[in-house]
Structures are given as C-alpha cells and as structure tokens.
Amino acid sequence: MSSQIILPPAMLGMLGGGQLGRFFVIAAHEMGYRVTVLDPDKNSPAGKIADVH
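Spelled out as structure tokens, the structure:
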C-alpha cells in the first residue's frame, strides 16, 4: 500500500450537500483545497459555496 498525500490545490469530492458538508467545504477552502459537491438539490448548503456543484 502506498502512502500518497493529497495536497492543495487538489479537488476533493463529497456526496451530499447538507449543513455538515458546508462546514467541510469551509474548512477545505481555508486549507487551500477545491471542493466538488454531488447533491441533486441545486440549493444545498454545501453546494452553494462549493467550487463545483
């Protein structure tokens, strides 16, 4: 098993765009990551602030 570190500005993906996902996006942005949110609701809390939704 290899140990590869994912460094910013890598794109992270997450399933679901609820309030906890929004907190995740905020923290990821603060660390320099970009975030894709996969959620069918175009007005999901995390989707509103993600880089890609």
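Just add 1 to wherever you are in the sequence shown, counting from 1, and you've got my numbering. Note that beta-carbon positions come from the ideal geometry of N, C-alpha and C, so glycine has one too. Here the structure is a predicted model, which is why all the values come from computation and not from measurement.
Could you tell me the alpha carbon to alpha carbon distance between residue i and residue j, rounded to whole angstroms?
| i | j | result |
| --- | --- | --- |
| P46 | S3 | 35 Å |
| P10 | K43 | 24 Å |
How far does the beta strand (DSSP E) with residue i in it reach, from first residue to last?
| i | result |
| --- | --- |
| L39 | 35-39 |
Closest to residue i by CA distance: which of the options is it?
| i | options | result |
| --- | --- | --- |
| L16 | L8, D52, P41, H30 | P41 |
| V38 | I7, I50, I6 | I50 |
| G48 | V26, M12, Q5, L13 | V26 |
| H54 | Q5, L8, G14 | G14 |
Got a sec: does the ligand HEM put a non-hydrogen atom nearer than 7 Å to the Cβ of residue i?
| i | result |
| --- | --- |
| A29 | With respect to the ligand HEM, the structure offers nothing, as it holds no ligand at all. |
Tell me the residue span of the alpha helix (DSSP H) that contains residue i.
| i | result |
| --- | --- |
| L21 | 20-31 |
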